[in-house]
Amino acid sequence: MDTSIYDMPHETDVAWCPGCGNFSILKIVKQALTELDIKPEELVMASGIGQAAKTPHYLKTNVFNGLHGRAVAAAMAVKAANPELTVIVESGDGCSFGEGGNHFIHNILRNPNITHLAHDNMVYGLTKGQASPTSQFGFITPVQVQGVTNEPFNPLALAIALDAAFVARVSIANQEKSLEVIKQAISFKGYSFVDILQPCVSFNKINTWKWFRENVYYLEESYDPKNRTEAFKRATEKGKLPLGVFYKNEKPTFEDYLPVYKTNKDPLYKREVNLPQLQKLIDSMRH
Amino acid sequence: MDTSIYDMPHETDVAWCPGCGNFSILKIVKQALTELDIKPEELVMASGIGQAAKTPHYLKTNVFNGLHGRAVAAAMAVKAANPELTVIVESGDGCSFGEGGNHFIHNILRNPNITHLAHDNMVYGLTKGQASPTSQFGFITPVQVQGVTNEPFNPLALAIALDAAFVARVSIANQEKSLEVIKQAISFKGYSFVDILQPCVSFNKINTWKWFRENVYYLEESYDPKNRTEAFKRATEKGKLPLGVFYKNEKPTFEDYLPVYKTNKDPLYKREVNLPQLQKLIDSMRH
Amino acid sequence: MKEVSIVLCGEAGQGIATVEQLVTGMLKLSGYHVYSTSEFMSRIRGGTNSTLIRISDEKSRSAFIDRIDILFPLSSKALKHLEHRISPETIIIGEEGNIAEEYCPNKANIIKVDFTKIANEIGGKIYTNIVSVGIFLALFGVEGNISKAYLTKKFSPKGDTILQNNIKACHRGIEIGNQMLEDGKLKIDLQKDDSVKNYLTLNGSQAIAMGSIAAGLNFISSYPMSPSTGVLIFLSQKAEDFGIIIDQAEDEIAAVNKGIGAWYAGARAMITTSGGGFALMTEGLSLSGILETPMVFHIAQRPGPGTGLPTRTGQEDLQFVLNGGHGEFARAIFAPGNAEEAFFLTQHAFNLADKYQVPVFILSDQFLVDSHYSLPDLDLTNIKNTKYIEKTDENYKRYLLTENGISPRGIPGYGSGLVNVDSDEHDEEGHITEDVHDLRPKMVDKRLYKKLKLLKEDFVKPELIGPADYSILLIGWGSTYSAVKEALELSNRKDVAFLHFKQVYPLSEDTIDYLKKAKKVVVVENNATAQFGKVITLEFNIKPDQFLKYNGMPFSVEEVKEFIEKI
Amino acid sequence: MKEVSIVLCGEAGQGIATVEQLVTGMLKLSGYHVYSTSEFMSRIRGGTNSTLIRISDEKSRSAFIDRIDILFPLSSKALKHLEHRISPETIIIGEEGNIAEEYCPNKANIIKVDFTKIANEIGGKIYTNIVSVGIFLALFGVEGNISKAYLTKKFSPKGDTILQNNIKACHRGIEIGNQMLEDGKLKIDLQKDDSVKNYLTLNGSQAIAMGSIAAGLNFISSYPMSPSTGVLIFLSQKAEDFGIIIDQAEDEIAAVNKGIGAWYAGARAMITTSGGGFALMTEGLSLSGILETPMVFHIAQRPGPGTGLPTRTGQEDLQFVLNGGHGEFARAIFAPGNAEEAFFLTQHAFNLADKYQVPVFILSDQFLVDSHYSLPDLDLTNIKNTKYIEKTDENYKRYLLTENGISPRGIPGYGSGLVNVDSDEHDEEGHITEDVHDLRPKMVDKRLYKKLKLLKEDFVKPELIGPADYSILLIGWGSTYSAVKEALELSNRKDVAFLHFKQVYPLSEDTIDYLKKAKKVVVVENNATAQFGKVITLEFNIKPDQFLKYNGMPFSVEEVKEFIEKI
Ligand SMILES: Cc1ncc(C[n+]2csc(CCOP(=O)(O)OP(=O)(O)O)c2C)c(N)n1
Ligand SMILES: Cc1ncc(C[n+]2csc(CCOP(=O)(O)OP(=O)(O)O)c2C)c(N)n1
Ligand code: SF4
Ligand code: SF4
Ligand SMILES: [Mg+2]
Ligand SMILES: [Mg+2]
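Protein chains in written order, with numbering that gives the first Met the number 0: chain A, 0 to 286; chain B, 0 to 286; chain C, 0 to 566; chain D, 0 to 566.
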């Protein structure tokens with residue numbers, strides 16, 4: 000697949016460590032976008048801050064690189080202001096579930112038609128290796144010197160608990176399957192969440208490429224992603240991590256409910272004030 | 000039961016509307032505390048801002064009435080600084096799940112030994128009737144003029160998804176059963192969460208006393224609160240809302256893991272700096 | 000009497016707001032200038048609140064005054080609550096149980112009316128208030144057709160019985176009022192003015208909301224917080240008519256990031272909040288600074304710190320708004336003095352934010368947003384909106400370095416270019432840079448010095464009131480406008496003038512001319528640290544004297560007048 | 000030569016920090032004064048970073064200088080990166096591939112060493128750096144027993160092969176270095192000073208962390224953020240030894256609320272963050288203001304706005320820290336100039352916060368926290384901590400109105416009283432009040448005016464450097480200390496003095512005496528708006544001149560000297 004329409008127009012100094020899983024994610028995302036025939040001008044990639052959050056700088060498209068933890072909030076607004084755009088959030092596990100936890104919850108509940116790709120390396124990469132919400136129990140870091148004692152955050156179970164529209168997990172150690180699921184997520188109408196297991200070769204010496212190959216398996220062909228309780232059960236399984244699409248629950252999106260698009264499909268930037276209507280409103284206040 | 004040790008020492012102008020469910024919650028909480036023989040001086044009641052969050056002002060105990068949404072964060076620190084105290088958070092649904100959503104998630108994961116009583120009136124009371132995260136689909140308010148379009152937030156399902164230690168729901172329309180569950184929650188070691196269905200007579204004309212009586216039922220005697228998937232299933236049931244203890248999962252608490260209390264049980268306020276140890280540290284930096 | 004001051008005082012939930020609305024509506028339609036403002040507690044029921052209604056035959060009596068000509072106590076605690084404002088001249092109209100005589104300095108001015116009994120005769124307690132309304136109508140000679148039409152419009156949706164009972168109750172009130180006049184217990188002779196009939200009545204919240212509509216607002220994300228929520232509610236009510244996306248955010252952090260995302264994608268967005276909510280937005284504010292994405296903030300101030308006094312007024316957040324957010328970047332702050340300024344400044348704020356790609360603030364307060372002003376018109380003929388956005392081509396660079404510092408703003412999806420915005424220090428294309436020697440200083444110059452210079456050029460001048468040859472200059476900003484203006488008019492000082500700032504930051508250099516003419520400059524502010532005084536000092540090296548009030552209440556005309564006279 | 004400046008420049012991940020640590024460690028043990036500081040990009044691998052190591056036979060060479068005496072380029076981009084700092088005198092030691100000759104003004108000063116080849120001979124690329132270390136040791140005549148012991152301590156935990164290879168590599172470096180000396184390619188003659196051997200080496204983060212330990216810190220909740228995380232990490236490492244509760248918070252809002260909750264319950268707590276994280280804490284800051292709960296904030300500044308330059312330095316957040324939080328209340332801000340001040344001011348901050356029940360700030364920056372200082376001692380003999388808490392009885396009132404404004408602070412569970420704290424305006428007992436006439440003004444006076452007065456009494460005086468009879472006064476604060484001090488010492492101006500502020504707010508009134516003596520006052524600041532200059536102006540009505548730098552880099556001694564000489 001020729002993904003060159005998504006290539007940067009000039010040499011770019013990619014700030015990731017050699018061997019990092021982010022490179023593969025970048026590659027797969029470019030491929031998914033190309034295969035889905037989404038034009039760079041019609042896409043907005045939103046991110047927060049972290050190593051994963053640098054991704055939008057490395058492919059040629061519209062970029063909203065905002066604050067740590069806040070990408071989902073900004074992205075849902077971008078989509079609401081212009082539903083013609085494809086909007087993808089790409090950010091790390093710390094950004095998505097730590098600092099950004101409240102936006103994750105509440106925008107699942109809103110169900111905007113955006114895709115959220117969480118690069119889940121189970122560690123804070125950019126700030127040099129502290130535990131993230133998804134770090135495993137006992138994970139030792141310079142701050143968690145005795146190992147993590149928190150229950151690890153389970154983004155899939157949480158998303159299912161909130162009746163999210165699309166919930167999936169992939170491991171970037173398997174690019175082919177990841178590509179397939181990411182394409183599904185982008186095409187899906189509604190908030191589509193993909194937890195992407197990604198090795199951080201610099202700071203996570205436990206959950207390595209090897210670990211992510213050995214400690215996962217794929218949901219069987221017969222698995223029915225419409226069953227919420229089953230999805231929850233699989234998402235909370237102990238032992239090897241299942242991969243694939245856990246839950247699908249298509250329903251009206253945030254934008255579908257917006258009265259502003261009921262009769263007029265124009266994105267907001269094309270619109271003008273209705274001054275005669277305002278004059279009417281003013282006049283109504285004379286009585 | 001004589002709950003007078005928890006009565007305010009002087010006349011207090013209670014700021015709630017006549018007929019509000021908060022009065023009953025206050026009464027039941029006082030009763031639970033009295034029955035559990037907890038002394039007012041050994042209890043800290045933490046709250047945020049909202050009508051529910053005024054509760055600590057109406058019973059005689061130590062009060063930490065902080066910011067909207069932040070009670071859980073402050074409370075876990077109070078407990079950590081002095082594990083001898085009983086710590087209870089009492090706050091509204093907006094405070095607990097809206098502004099406070101991120102603290103709710105992440106402190107469930109920490110599992111401090113505190114009790115969180117959410118007064119869930121499915122509306123923002125103090126700010127005069129906007130939707131809260133738990134407002135039902137279609138609920139009409141001055142802001143949600145077309146009715147709520149978000150998926151309602153399910154605090155029980157979320158808590159179970161995070162493998163919380165103790166998850167329950169009661170309806171204050173049934174005081175007796177509420178008392179029993181609240182007592183269990185306070186006695187439980189770990190983060191014990193109780194969603195208390197509470198009518199707001201001023202701003203929620205849908206979920207009234209009557210509604211909360213007619214649209215609930217109790218989990219059967221035989222229900223096993225140790226089964227997480229089952230708990231999830233019951234928490235996400237459509238139709239009438241089950242009440243009772245959904246999930247119990249006793250495990251070490253945040254305080255249990257703290258090295259500071261391993262050998263010395265003194266609360267922090269009793270401690271002094273170890274200057275000789277600091278001198279050693281300083282000297283170690285000479286090489 | 001050029002002006003009458005009437006106060007209603009009772010519990011939350013007793014329906015004072017309904018009386019206020021009916022009375023001010025009907026009096027205006029009769030040709031009176033009306034203004035009303037309330038002070039209330041942070042609770043839904045109970046407590047003690049009061050509403051001041053000023054009725055005059057002159058304009059601009061839109062300030063808080065201590066004096067009460069007629070007082071309607073609606074609860075037993077009312078008189079105690081207003082103790083310090085009741086004078087021997089105050090006429091007190093109420094029922095037995097609500098008149099605690101120890102607070103009535105002049106027993107002769109008590110008029111007992113058995114409201115409850117009358118209401119019960121008609122059909123129940125809920126008609127009590129309408130009896131008071133009737134008294135107003137009688138005292139001010141409101142014509143029967145006006146009141147009938149008004150009551151019908153208001154109550155017919157509730158069914159005929161309720162409508163008829165209300166009309167009955169109102170009539171009983173009118174009879175009682177007429178009797179008072181006949182008995183010579185009180186006498187009001189204000190001129191009616193036909194032109195007033197066509198005036199608008201609106202509160203500060205509505206003015207701000209409508210100003211934003213006039214500017215083309217089409218996206219608002221906010222989290223409820225008193226006293227700012229009125230703007231959100233008004234816009235929600237009008238959302239369908241004006242094509243506005245309403246999002247009740249999960250928290251204030253979300254609100255500001257959504258607003259910025261929306262602007263990025265081509266919307267015109269605003270947030271509305273108060274100080275505590277703004278505290279959660281300062282990171283977002285800083286984001287808008289570095290992204291160079293326009294953003295409009297409405298901050299309705301209330302007294303702090305912390306939760307403070309949620310339903311009271313203050314001007315304590317100017318320095319916070321001015322210095323909020325980490326790092327250095329330009330911003331502009333407007334502080335409307337009344338509803339009219341609120342409307343036009345808000346409309347201006349959006350265009351300024353868009354023009355210079357900076358965050359712009361409307362800094363109001365509880366007193367402004369909750370006061371009901373009446374004004375001749377909001378003239379739309381000169382309303383002009385410019386969308387400072389550009390269709391992009393393939394070579395588009397979001398942060399192109401230009402002479403004046405402004406890079407043409409593209410919108411994703413509009414044109415063939417790509418729009419990259421970045422919260423890291425960035426190059427012209429919007430990609431992360433670590434070039435500290437060249438790009439970083441250029442980008443700081445752009446975001447800070449160049450934009451500040453442009454903002455000063457567009458400065459909205461202050462309004463000077465009083466003699467041109469003053470030697471003492473009072474300086475105010477925001478909602479203190481009316482009180483200081485009225486106090487100055489009432490005082491006999493010919494050497495004192497008042498300079499009212501609508502734009503409080505940045506100030507243009509020539510503002511110094513006003514200050515240089517004065518021997519003494521005094522800032523009048525609703526805070527404890529003279530926050531605008533600091534802006535003046537930093538800009539002009541002048542340390543003004545201070546007249547400050549910080550108890551949560553607005554300045555009264557009387558106290559400002561007393562200050563002026565002793566100055 | 001009294002002092003040598005050596006720079007290592009290469010990619011992140013190449014182990015420059017290891018060289019820095021080994022070299023500074025061994026040189027110090029040999030009797031040299033060492034200081035090192037790094038500038039680096041916000042990434043984990045790659046890019047181009049550099050570390051400056053200054054070796055001197057005098058104290059207080061702990062400032063950034065442009066001059067490079069010896070440069071080790073470790074990557075091909077190194078020389079380009081340092082282009083503007085390389086002079087004809089700079090000796091460049093590196094391997095072929097890393098020496099881009101176009102950046103070498105003096106080819107004679109290039110010394111090519113085939114580091115990689117040598118390292119590969121020994122056992123692999125990872126030994127490259129140790130060869131450089133060896134060269135250092137030779138140039139400075141470090142004795143063999145010192146280096147052997149040091150290397151053994153460092154590398155023996157990694158196994159014998161690695162240790163032996165390192166020792167081998169080091170020896171090869173020593174040989175090469177000795178050869179250079181023999182060839183007369185360079186010559187260093189600094190005096191060794193035996194007393195230095197016992198000095199401490201620590202960076203700003205460690206100094207702040209240890210200051211907090213000295214003050215009895217026992218609770219820290221924070222969210223990682225460069226450049227503030229070093230403090231959290233150091234405390235985590237020492238948590239068990241000193242009984243500190245470590246909580247990596249879910250976000251900064253949680254962190255500050257947890258800190259306040261911990262103080263309430265009797266802990267001594269601190270948060271550590273940078274500007275963007277602090278932006279999320281301003282509501283909590285305001286909470287600590289109204290609760291009157293002590294709180295200590297460490298803010299390590301970096302350039303903004305937004306994400307800005309995460310690993311660079313700046314002093315852009317003073318006005319934000321000063322005005323952050325809604326509403327009005329007292330606070331204090333300290334800005335240490337080096338590691339020693341950082342230690343003692345941090346220890347002081349906790350006691351001051353506790354004494355007056357106010358938020359107190361340690362305002363540092365990336366330059367300070369990441370610089371490695373060497374100093375004779377941290378003397379604990381005068382360290383005194385007072386717990387300003389009281390055992391309560393039944394009549395205890397948390398907000399008792401007292402003459403000086405301080406209400407004795409109780410702790411829940413300590414005594415028979417109840418401790419009620421409330422973010423609403425409250426009465427003496429800590430319960431919500433709406434009493435605007437009496438309680439509100441009293442509580443504002445207490446939280447603001449009275450506490451500010453007390454804070455001024457405890458003011459930590461600035462340090463005056465230079466002639467007492469100055470006519471020009473430079474004013475600095477925080478980490479600019481060493482650069483300005485050294486520049487002044489090097490300059491030949493006898494009319495210029497330097498006033499270094501460690502406490503930047505509030506200032507005591509008598510500080511004006513320093514300013515009055517000067518004909519000209521100039522603030523030297525790492526920002527674009529002279530933020531401390533504003534504090535001076537507001538306090539003393541003096542508008543200082545400005546010498547500002549805002550590109551993310553610290554002031555170099557040379558540029559300050561040049562400024563002083565032209566002043
Ligand atoms: C408000 C705020 N707090 C903290 C930071 C510092 N910070 C930057 S990236 C990061 C964590 C990154 O972790 P993650 O999101 O998992 O991304 P990764 O680097 O692992 O890809 C943090 C804490 C910040 N930029 N802003
Ligand atoms: C940061 C912040 N945002 C908003 C508010 C305003 N506020 C006060 S209470 C409240 C909602 C209360 O709802 P809930 O928590 O459900 O409590 P209830 O009044 O219904 O008991 C809000 C939004 C605030 N105090 N602080
Ligand atoms: S730190 Fe980890 S996540 Fe970041 S680029 Fe390096 S390997 Fe990848
Ligand atoms: S507003 Fe609702 S929740 Fe609040 S006191 Fe009144 S009835 Fe209760
Ligand atoms: Mg990560
Ligand atoms: Mg509620």
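For each residue, glycine too, the CB sits at the ideal point set by N, CA and C. Nothing here was measured: the structure is a model prediction, and the numbers come from that model.
- Apart from the 5 residues on each side of it in sequence, A:Pro224 sits with its Cβ closer than 7 Å to the Cβ of Ala230, Val244, Phe245, Tyr246, Lys247 in its chain, given in chain order.
- Neighbours of A:Ile281 in chain C, taken as residues at a C-beta separation under 8 Å, are given in chain order as Leu199, Met209, Asp376, Leu377, Leu379.
- At least one CB atom of chain A sits nearer than 9 Å to the CB of D:Ile245.
- For C:Ala11, the enclosing beta strand (DSSP E) has its first and last residue at 2–11.
- The alpha-carbon separation between B:Ala156 and B:Arg227 amounts to approximately 10 Å.
- CA-to-CA, the gap between A:Thr54 and C:Leu417 works out to about 16 Å.
- By alpha-carbon distance to D:Asp512, the top candidate from D:Gly323, D:Glu538, D:Ala529 is D:Glu538.
- Here D:Pro72 is bridged, per DSSP, to D:Cys8.
- One Cα belongs to D:Val141, the other to D:Ala168, and the distance between them is close to 16 Å.
- Look at D:Leu231: its C-beta is under 9 Å from a C-beta on chain A.
- Burial state of D:Glu101 is exposed, judged by a 10 Å Cβ sphere holding fewer than 16 other Cβ atoms.
- Look at A:Val122: its beta carbon is less than 8 Å from one of the heavy atoms in ligand 5.
- Restricting attention to beta strand (DSSP E) runs no shorter than 3 residues, the region 81–127 of chain B encloses them at 85–91, 114–119, ordered along the chain.
- In this structure, B:Pro132 sits away from C:Glu2, with a CB-CB distance that is not shorter than 9 Å.
- Residue ranges of uninterrupted alpha helix (DSSP H) with 4 or more members, entirely inside the region 498–563 of chain C and ordered along the chain, are 511–515, 530–539.
- With three or more CB-CB distances shorter than 8 Å, the region 21–35 of chain A counts as touching the region 47–63 of chain A.
- For the region 289–315 of chain C, the full-length beta strand (DSSP E) segments reaching 3 residues or more read 294–300 along the chain.
- Against D:Gly477, chain C offers no close residue; the least beta-carbon distance is about 16 Å (beta-carbon pairs closer than 7 Å).
- In this structure C:Phe328 is in contact with C:Ile289, their Cβ atoms being roughly 7 Å apart against a cut-off of 8 Å.
- Exclusion of the five residues before and after B:Thr140 leaves Gly128, Gln129, Ala130 as the residues of its chain whose Cβ lies within less than 6 Å of its Cβ.
- For D:Gln163, no Cβ of chain A is located within less than 9 Å of the residue's own Cβ.
- Inclusion of A:Gln143 and D:Gln247 in the CB contact set at 9 Å is warranted, their separation being smaller than that value.
- Each residue's CA atom was taken as its position, placing D:Asp376 and D:Asp192 some 16 Å apart.
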